Every structure is written in structure tokens, then in C-alpha cells.
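The sequence shown maps to residues 1 to 878 in UniProt numbering.
For glycine and all other residues, C-beta sits at the position ideal for the given N, C-alpha and C.
Here the structure is a predicted model, which means the values were calculated and not measured.
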Amino acid sequence: MDAARDFESLQIKTKSIEQTLVPLVKQSRSEDGAGVSTSSGLPASRGTHAHEAPPSAETRARSSLQLLSIRLVAAPELQVTMAAVSHRHQISTLISHHNECTSAGGLGVTSARVLRAVARVGQAVNLAVDRFVTVGETIADDNPEIRDDMYESCKEARASGCSIEKLCQVAMTDSLTDRGSVVRAARCLLGSVTRVLLLADIVVVKQLLLAQDKVARSLGRLEGVSNFTEFVKAFSQFGAEMVELAHLTGDRHNDLKDERRRAQMAAARQVLERSTMMLLTSSKTCLRHPECLSARENRDTVFCQMRRAMDLIHYVVKDGVLDCAAQVSAAAAAANSVDPLGSFQDHQTAAEIAHRSAEEDWDASRTVVGALRHFESLIELTRLTAIGSSSAVTGGVGTTRERLAGSLEQAIERCQDFTDSAYTSHEHRENILMLCDRAKMELSQLLRNGLILDGPQQSAQMDANSDMEGSLQDVLRTTRELRAQLQATTHAQSADLGSVARAGVELMSCVRNSALASDTERLEEASAKFSEHLEHVLEICKMLRHVASTDALQVSAKYTEINLRIYGPQVLTAAHTLALHPTSKIAKENLEVFADMWHGLMSDVTTVSRDVSEACRLRQGDKQVYMSLPRPGKHGTTSKALKPSILDSEEQAKIAKAGLEMKLITSEMDAETDRWQQEGAQLGNHGGQGGQGSALEHENNDIVKRAKNMSSMAFSMYQFTRGEGALKTTQDLFTQAEYFAEEANRLYKVVRQFSYQVPQGGPKKELLAQLDGVPTHVQQLQFTVKISTVGKAATFNKVDAVITQTKSLMNVIAKVVSTCFMCATKYNLDFRGLDGSGNSRNSSGGGNTFGRDDDGGGGGGGADGCKMGAGGGGDPSI
Numbered sequence: 001m002d003a004a005r006d007f008e009s010l011q012i013k014t015k016s017i018e019q020t021l022v023p024l025v026k027q028s029r030s031e032d033g034a035g036v037s038t039s040s041g042l043p044a045s046r047g048t049h050a051h052e053a054p055p056s057a058e059t060r061a062r063s064s065l066q067l068l069s070i071r072l073v074a075a076p077e078l079q080v081t082m083a084a085v086s087h088r089h090q091i092s093t094l095i096s097h098h099n100e101c102t103s104a105g106g107l108g109v110t111s112a113r114v115l116r117a118v119a120r121v122g123q124a125v126n127l128a129v130d131r132f133v134t135v136g137e138t139i140a141d142d143n144p145e146i147r148d149d150m151y152e153s154c155k156e157a158r159a160s161g162c163s164i165e166k167l168c169q170v171a172m173t174d175s176l177t178d179r180g181s182v183v184r185a186a187r188c189l190l191g192s193v194t195r196v197l198l199l200a201d202i203v204v205v206k207q208l209l210l211a212q213d214k215v216a217r218s219l220g221r222l223e224g225v226s227n228f229t230e231f232v233k234a235f236s237q238f239g240a241e242m243v244e245l246a247h248l249t250g251d252r253h254n255d256l257k258d259e260r261r262r263a264q265m266a267a268a269r270q271v272l273e274r275s276t277m278m279l280l281t282s283s284k285t286c287l288r289h290p291e292c293l294s295a296r297e298n299r300d301t302v303f304c305q306m307r308r309a310m311d312l313i314h315y316v317v318k319d320g321v322l323d324c325a326a327q328v329s330a331a332a333a334a335a336n337s338v339d340p341l342g343s344f345q346d347h348q349t350a351a352e353i354a355h356r357s358a359e360e361d362w363d364a365s366r367t368v369v370g371a372l373r374h375f376e377s378l379i380e381l382t383r384l385t386a387i388g389s390s391s392a393v394t395g396g397v398g399t400t401r402e403r404l405a406g407s408l409e410q411a412i413e414r415c416q417d418f419t420d421s422a423y424t425s426h427e428h429r430e431n432i433l434m435l436c437d438r439a440k441m442e443l444s445q446l447l448r449n450g451l452i453l454d455g456p457q458q459s460a461q462m463d464a465n466s467d468m469e470g471s472l473q474d475v476l477r478t479t480r481e482l483r484a485q486l487q488a489t490t491h492a493q494s495a496d497l498g499s500v501a502r503a504g505v506e507l508m509s510c511v512r513n514s515a516l517a518s519d520t521e522r523l524e525e526a527s528a529k530f531s532e533h534l535e536h537v538l539e540i541c542k543m544l545r546h547v548a549s550t551d552a553l554q555v556s557a558k559y560t561e562i563n564l565r566i567y568g569p570q571v572l573t574a575a576h577t578l579a580l581h582p583t584s585k586i587a588k589e590n591l592e593v594f595a596d597m598w599h600g601l602m603s604d605v606t607t608v609s610r611d612v613s614e615a616c617r618l619r620q621g622d623k624q625v626y627m628s629l630p631r632p633g634k635h636g637t638t639s640k641a642l643k644p645s646i647l648d649s650e651e652q653a654k655i656a657k658a659g660l661e662m663k664l665i666t667s668e669m670d671a672e673t674d675r676w677q678q679e680g681a682q683l684g685n686h687g688g689q690g691g692q693g694s695a696l697e698h699e700n701n702d703i704v705k706r707a708k709n710m711s712s713m714a715f716s717m718y719q720f721t722r723g724e725g726a727l728k729t730t731q732d733l734f735t736q737a738e739y740f741a742e743e744a745n746r747l748y749k750v751v752r753q754f755s756y757q758v759p760q761g762g763p764k765k766e767l768l769a770q771l772d773g774v775p776t777h778v779q780q781l782q783f784t785v786k787i788s789t790v791g792k793a794a795t796f797n798k799v800d801a802v803i804t805q806t807k808s809l810m811n812v813i814a815k816v817v818s819t820c821f822m823c824a825t826k827y828n829l830d831f832r833g834l835d836g837s838g839n840s841r842n843s844s845g846g847g848n849t850f851g852r853d854d855d856g857g858g859g860g861g862g863a864d865g866c867k868m869g870a871g872g873g874g875d876p877s878i
């Protein structure tokens, strides 16, 4: 546990390094291609100069390992912590330092404040690196198996940190060569930090696997006990080890990024949690009635399920490590391709992992949605490849014609689970069969057009080419209709879950009463009805898994169905045990525990059904209708969306870069306003105005208040790009962007009023030049928010544009606030009396359209910095 705490501390300390260096490394790629030389004090093995010999195979493999490590670990670790604000601000200053100097024409116009900030960057980064490697070396001391590698990585990190500090100290020259050296040092630092994180992660994984082995051995001891004394002792030890495993798996579940892995880990942990009580009661029943076969069957089933759950945990944890190891080995093998014999083992390992991933992909394609998705992807590929030829794009296995026909047959075969179900209505069954036949006919027409298109006759090719696109659209339209029909069939059956659950409760009560009364005939009759009821629920679960649109929902539906199929009959087995021993309190308690498990599983089915229905509804896209009469959203800047959408993981990944850049600017503004307040407090304490209301005091500084308010709103929009925070849907984001633009407009008025106090000169010209850019960005953001969108793709493009324009506006605001601070400090100007509407502080504030309170806030500020008007998805005019 100590190593786990050290690892958590290590992650926190590295966030400031990673979050600030990643943008710098990304900006360096174009410069590295130009062959920028370096004069840093890095080890000689880092980087390749123009006059050096080509790198060896080992060096290239090491470089590939670094870049792959960055991709595997550093990117998921880009979490934002408020403790790293100052480091991000300093790195941002370092990055912009070169650009400002270049645009201004040289170093002469660079202020001394910027140069001092550049010098402080190296000191701050080096200090953070030193704290980070100290934790890494502590982990190395406790784990001899990684000690050497950890010490080497920590040594490289220290060297890179010292190089950055030295380069920042000589930043006065600000030459392109020096900046390239900083970039290379940042890349080396990020690579070494990543390797330290990988090694620390190995330690955490090892701890989890050791805890799992302890639980597995405890299960073996529990299974072999023969009396209550041994059982109590063994179960006590088992409970303590289960608690440790639960903590470790919970932490690992939170760290997993792949949604399929997260769902698998959650399913395994749920089985272990629920099965622990059943293990207790079933073991006690088996010990009390050792001659009862049904009691032993209960106990053995619980043991089997718990072992399967631990195997699943082992698979999730170990597979994650093996995936990384295989990809690293593949990269090293690619770099070391000059030695094919030496890389054979790496290729073999990578092939095994690829085969396992392919098996999982095949498991996903066993659902109707997965099979249809695969078929549609092949249809789209026919735009690029010939119908009758074998293509590397399609895998090189058979012709495209054969693959299309086989893929459609697989999809139709999956549809048999719907058509063969006794609970599917006749109308739905006929529609599914009709759409399957239509898909076959339209695919045949597509293949005929493709065959003609590949033929030698030019005139026939021209006619077939004109029909080809129409055939493609017909096939895709039919598959969409088939998917919608399958979803409608599933929804029709899942809509009856309420009545089915109530019937299950009645049947469970009948089974319990029959067992207590030892009425064997009545128990058999109730058991038959319960089994039929179980089959109905299993059919619903199977259909839910078929139409689930995400990997997480597919996994949840799959393991819910498995648990129902295994534990459902065990309820009847426990009832038969109670019927044989009606006076046994332990047997009665055992039945109650299994009944509770059944009720929990039925609740899981209801939850999965609701989630699947919601996901299917959201993926149909937003539909806009023509509104000729005024609507609640008419007088706002956006039309009220009927169905706010939620971004999936792929879309979040696409806008993650823009969100991170916006967060860096937000952090810079936070640091600027914090420094403003600190300077104001120092002026007040040193008697600037007798300690009575300093010119920079936050209580009367409307610029600081509004800047912080905008920073808080931008932070909530950044959280949206990560799927976190109070903004849940795209409509929430657009509403927040609307408030953000309004707040920027108010800040513009305050700064414009303040500019009248600034004396004529260079600072005032700079302030006005920056301030003139605010209205333009505000209008662009308001115009983008006002645009109506139809469909998921258009909505995502709008989200991307809103995030990008918010980032641009935030960048301008940060420069304006910084210049205001400089003017206020230089001329000792007073902010008291300024108001967002351009009036004095004592006015009534009639220009406040959003109900701004005395603190300059609006709406309802939340803990996440969210400023929403009417809750999630609410219209801004309400």
C-alpha cells in the first residue's frame, strides 16, 4: 500500500511537468525536421546532429520506445490539477517569449518582466523534476526488480531538468538554436518521466496480482474446510484480503481509459462483491447439511463464479500490460529491422496480442450492431476498391464480393435471435425478415453494377458508374432501417420489463412459500414458471446486447446475461435445499441471500435497458423543426435544441488538444489575477493609501472579478472536452459559451472605462490595440453559437468551433488583463467605482441582463465554475 501511495503522489507531481511540456514538444516537430542543432547539456545519446553519424539500431529503438511511451502513458495522464497552475503559466510564458520577440522585431522591445519569467521557468521545472524523481527513487528502493531501470530513468530526468534550467538562464540571447535546445530537453524530460511512470505502474500491477493470488489461495482454503471453526478462521482472513483487493481494483478501474476494459473490471468487481455474502451462507449451509447435494451445488457455483471474476480481473490487468509491452516490442523491432532474426520474438509477441485483440473485435461483431457496422464499413470501402478484386484494404482475404456477401450473411444470422424469439411480435418479425431480404437484393444489384464497372465495355461502364452510387446509398439505407427495426423490437420487449419484474417478485414469493411449506409438488410448478420467466428476461438481455451501441453497454449487457443464466437457477436450487430442511435457519437465510441476488440482477437489467435506449436515441441525431411562431429560445442567441447530444470518446479525443490549450490559457489568467491580488495586498500592507482600499484590492477590482469568472467558465468548458464537470450535453456547452461571450462583453466595457485613466503613451496604445480585438472575437463566438445544426457530425463541428473560438477569446482576454495590471502598477491607478455596465459602483446596475449579483457573477455559480441559466440544457432566455 505504501508503494501505491507513492505512485499516487508521483502522478500528482508529474502532472505539472507533463501538462506544460506536451504543447512544447508538439510545437517542436516541424523545427526538428529542419535539423535544428542543440547546445544543451543533455547526454550525448539524446538527439542527432547534422554532423553526427546515423543513429544505431539500438538508438532508434530507444527513441521509438520513448515516443511510444509518451503515446501510451503521458497522454492519458494529462489531468489538470490546480497545484500545477504556476508551472503551466511559466511554461506558457516561455513558449510565447520567442514569438513575441520575433513579431516585435528583436529582443530590445522585450520587457524585463518577461525575461525574468523565462528565467524562473527553468528553476520551477527543475524543482518539480527533483521532487518527482525523489518519489521514483523511493519506489525503486522498495522494489529491487525495477531498481536499476528506475534509477537510470530518474537520472535522465534530473539531467533533462538541469538542462532546461541552464537554457532558461541564458535565454537572453533568444536565438532559434536555444529554443530548439529547450524543445529537445523538454522531449527528453517527457520521455524519462514517462518511463518512470511505466515502471511505477508495473509495481502497482504487481501488487494487484499478488492481492488476487492471496484471495485465490484463501478461496481454496475455504473450499476445503470441514468444520465451522476452520471456516470462521479462513473466512476472516478471506474477508481482509478481499477488502485489499477491492481497494486495488477500484483504483485500477478509475485509471483504465478503455471503456471495454472499464466495463469488464466493473462487472468482475460487482460479481465479487455480491458473491461474498452468498459464499458465506452457501458454505454454512453445506457445512450444516453435508449430505445435501443441492446445498453443495449452491456453494460450488458461487466458488466457480468468484474464480471466474478474478480471472477476468487478471485478464484486464495483465492484458493492459501485455498490450503496452507488445506495442513497445513492435516499435523496437521496427527500429531494429536490420536484424530480422533478433526481432522475430518481438514480432511473434505482437502477433499474439494482435490475435487476442482480433478475438475481442470478433466478439463485438457477434452482435447485430457490430456485424452491421462491419458490413457498412466494407460497403464504404467499395468506393475505393474494385468489386471483383482482392485488395489489401479489405484484408487480402478473398475478393471484395465474397467479403461483402459473407459479412451480410453474418449480420442476417445474428438477426435470427430476434426472429426466433417467442416474445417478438409477428409484425416486428415480418419487418425484420423483409428488410433482410431487401438487403440481399440490393447487395446483389450493387455487385452486378460493380461487375459491369469492372468490365471491358466503356459504354456499359459509364451507365454502371452512374448507378453505383445509387446502389451504395440503397444498401446503406436498408441497413439503417434494419438497425432501427431491431432497436424498435428490443424497445418493445424492454418496455415490458416493469410487468415482467413484478411477475418475477410474485413467482419468487411463491417459490419461497412452497419451500418453507415443503410442498414439493407446488414448488415444482412454481419452479417451472420461474424458469420460463428467466428465459424471458434472458431473451431481453440478449437483444439489449445486440443493439448496444457502445463497448461498455455491450459488456454490461453480456455479463448481466451471464450472471442471470448462472445465478437464476441457483435460486431454485436454494429453494429445494430449504424444502428438504424446512426448519433450518441457515437454509432459509441462504435462500433469502440468493433471492436478493436475483432482485439485484433484475435491477441491473432495467438499468442496462434504460442506458441502451438512451444511447440509441442520442445516436439518431438532433432533429430541428421549423418554428413560425415565437418559442422560448427565440429571444436568446440560440434556438432551443430538442435533443441535446453527448460527445462520445472519439469526439472527445478530437477536441482534447483545443481543450488543453484553452486550459493552459485559463491557468495563465488565474496566475495573473492571483498575482494581481497579491500585489494589491502588499501595497495595502505597506501603506500605499493608508491601508484603506488599495488600488489593486480584489474587493473593488471588477476586472479581476470578471476575469476570474471567465476563467471559471472556460474551465468548465475544458472539463466538457474530457467528459467531466457540470456540462453534460452540447446544449449545456452552447449555453455556457453564450454566457462567456456576455461576460467578455462586460469586461470589455470595464477595461474601456479604465483606459480613460491611463496616460497617453506606449502602454495605453498597447492596451487599446489588444482591447479592440475583444468585440470581434465576441461577435464570432455569438454567431457560431447561434448557428442551427442538424445531425451528429454538424453538432460536433459546432462544438469544435465553439471551443476553438472560446480559446481565442480567452487568449485575448489574458493579454488585456496582463496589460491592465502593468498599467495599474506603473501609474498607480484606481479601479474603485468601475462597473460592468460602464456606470459607477453605486448605480443600480440596470444594464445587467443576466441578474449579475454584487460579486460580478451571473446565473448560479457552481463548484465546477459552471454558470448555467436554467440547469442542464436550459434555454438562456429563461
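Query                                                                                                      : Result
The region 245-260 / the region 221-232 touching (three or more Cβ pairs under 8 Å)                        : no
Same chain only: Cβ atoms within 7 Å of I566, ignoring 5 sequence neighbours per side                      : T301, Q305
The region 556-574 contacting the region 436-453, beta-carbon criterion three pairs below 8 Å              : no
Own chain residues within Cβ distance below 7 Å of E259, not counting five before or after                 : T550, D551, A552, S649
DSSP state of S226 mapped onto helix, strand, coil                                                         : coil
For P775, the first and last residue of its enclosing alpha helix (DSSP H)                                 : 773-786
Cβ pair I803, T730 closer than 9 Å                                                                         : no
Buried/exposed call for D420, threshold 16 Cβ in 10 Å                                                      : exposed
M441 burial status per 10 Å Cβ neighbour count (16 or more: buried)                                        : exposed
Contact test: T560 Cβ vs the ligand ZN heavy atom, cutoff 8 Å                                              : The ligand ZN is absent from the structure shown, which contains no ligands of any kind.
Cβ shell of K807 (< 7 Å), same chain only, five flanking positions each side left out                      : A658, E661, M662, I665
Rounded straight-line distance, which links the Cα of A128 to that of A140                                 : 19 Å
Three-state secondary structure (DSSP) of D346                                                             : Confidence at D346 is low in this model, with a pLDDT of 44, below 50, so the placement of that residue should be treated as unreliable; the coordinate-derived value is given next. Helix.
CB contact below 9 Å: C304 versus chain C                                                                  : Among the chains of the structure shown, chain C does not appear; only one protein chain is present.
Range of the contiguous alpha helix (DSSP H) that encloses L516                                            : 497-516
Cα-Cα separation, A392 to K708                                                                             : With a pLDDT of only 42 at A392, under 50, the local geometry of the prediction cannot be trusted, and the value read off the model is given with reservation. Rounded to the nearest angstrom, the two C-alpha atoms are 55 Å apart.
D772, buried or exposed, once every other Cβ within 10 Å from all chains shown has been counted against 16 : exposed
Residue of K765, Q570, K542, M710 minimising C-alpha distance to V608                                      : K542
Cβ contact (3+ pairs, closer than 8 Å) linking the region 489-501 and the region 525-542                   : yes
Rounded C-alpha distance that separates T849 from N745                                                     : Caution applies to T849, whose pLDDT of 32 falls short of 50 and renders its modelled position unreliable; the value that the coordinates give is listed next. Whole-angstrom Cα-Cα distance: 12 Å.
Neighbourhood of Y423 by C-beta, 7 Å cutoff - its chain only, sequence neighbours within 5 removed         : Q493, H536, E539
Whether A587 touches R274 by CB criterion (9 Å)                                                            : no
With 16 other Cβ atoms within 10 Å as the buried cut-off, status of Q264                                   : buried
Top-ranked residue by Cα proximity to V593, from K284, Q805, L482                                          : K284
C-alpha gap between E165 and D148, whole angstroms                                                         : 26 Å
Alpha helix (DSSP H) segments (min. 4 residues) lying fully within the region 138-191                      : 147-169
DSSP-derived helix/strand/coil call for R841                                                               : Confidence at R841 is low in this model, with a pLDDT of 42, below 50, so the placement of that residue is unreliable and no value is reported for it.
Proximity of L809 and V758 at Cβ, strictly below 9 Å                                                       : no
Spatial distance of V817 from M669 (CA atoms)                                                              : 8 Å
Residue environment, H576, which counts as buried when at least 16 other CB atoms sit within 10 Å          : buried
H599, buried or exposed, once every other Cβ within 10 Å from all chains shown has been counted against 16 : exposed
Inter-residue spacing [alpha-carbon to alpha-carbon] between L601 and L534                                 : 11 Å
L523 beta carbon less than 9 Å from that of V605                                                           : no
Alpha-carbon spacing of L497 relative to E291, whole angstroms                                             : 39 Å
Span separating the alpha-carbon of V183 from that of S163                                                 : 11 Å
Member of E766, M278, F235, R158 whose CA lies at the smallest distance from the CA of E589                : M278
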